[in-house]
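Following the numbering used here, the residues of the sequence shown are numbered contiguously, the last one being 1361.
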Amino acid sequence: MTLITRFINRLKSDGVMMTFHLTFRHFTGINIINLYNAIRFREHKIVTSCDISTVLPRSTSLPHPIGIVIGHDAEVGENVCIRHHVTLGRSVPEQSAGYPTVNDGVVIGTGTTVLGDITIGENASIGANSVVLDDVPPGSTVVGSPATEVD
């Protein structure tokens, strides 16, 4: 066997071993990352900073579930979209104060605060960074602080 033939054969065998080695390291690395994520994300609340104290319907959409706070007596209907940093809670800290009711098909924008014993009507939209303190009629759009209806 010539020197070149031995060199080529060695490259072939080393190439196979190198491919196996890199593949093994790749999959081992993925498993380590998955283990890390399983430990880190074992409680959803730690990762997203969400405090959802009520039961949400399966059709509720949370496109970016970061910083959402929903009080334990708040009612959320079907097909509701709640964006990040939304608060649904009481307007005063007393136990007798009520929580909001969000009816079906409502879209709540980013950073919105909905406080008190109020009702958000079906298919209503609430703009980003709004503060809602009064009832919202069905099918309407409200924006601002305090929230007012727009056409």
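From the three backbone atoms N, C-alpha and C, an ideal C-beta is built for every residue, glycine too. All values derive from a computational prediction rather than experimental measurement.
Can you tell me which of the options puts its alpha carbon nearest to the alpha carbon of residue i?
i: Thr1264; options: Pro1310, His1274, His1295; result: Pro1310
i: Val1353; options: Leu1325, Gly1326, Thr1329, Ile1318; result: Ile1318
i: Leu1207; options: Thr1323, Pro1267, Thr1212; result: Because residue 1207 is not part of the residues shown, which for the chain are 1211 to 1361, the question remains open.
i: Gly1315; options: Asp1261, Val1296, Ser1271; result: Ser1271
i: Ser1259; options: Asp1361, Ile1278, Ser1269; result: Ile1278
i: Asn1289; options: Leu1343, Glu1332, Val1296, Asp1261; result: Glu1332
i: His1282; options: Val1346, Asp1261, Asp1361; result: Asp1261
i: Leu1343; options: Ser1355, Gly1321, Pro1267; result: Ser1355
Whole-angstrom Cβ separation of residue i and residue j, contact assumed at under 8 Å?
i: Ala1334; j: Pro1348; result: 6 Å
i: Ala1357; j: Asp1327; result: Between Asp1327 and Ala1357 the Cβ distance is about 16 Å, and since that is not below 8 Å, they are no contact.
i: Leu1325; j: Arg1300; result: 7 Å
Give a yes or no on whether the C-beta atoms belonging to residue i and residue j are separated by under 8 Å.
i: Ile1330; j: Val1341; result: no
i: Pro1273; j: Cys1291; result: yes
i: His1295; j: Ile1276; result: yes
With 8 Å set as the bound, which would you pick, yes or no: does the beta-carbon of residue i sit closer than that to a beta-carbon of chain C?
i: Pro1347; result: Absent here is chain C; the protein component of the structure consists of one chain.
List the residues that DSSP assigns as beta-bridge partners of residue i.
i: Cys1291; result: Ser1271, Val1317
i: Leu1325; result: Gly1299
i: Ser1335; result: Val1317, Thr1351
i: Thr1311; result: Glu1285, Thr1329
i: Ile1280; result: Ile1262, Leu1298
i: Thr1212; result: None; Thr1212 has no bridge partner.
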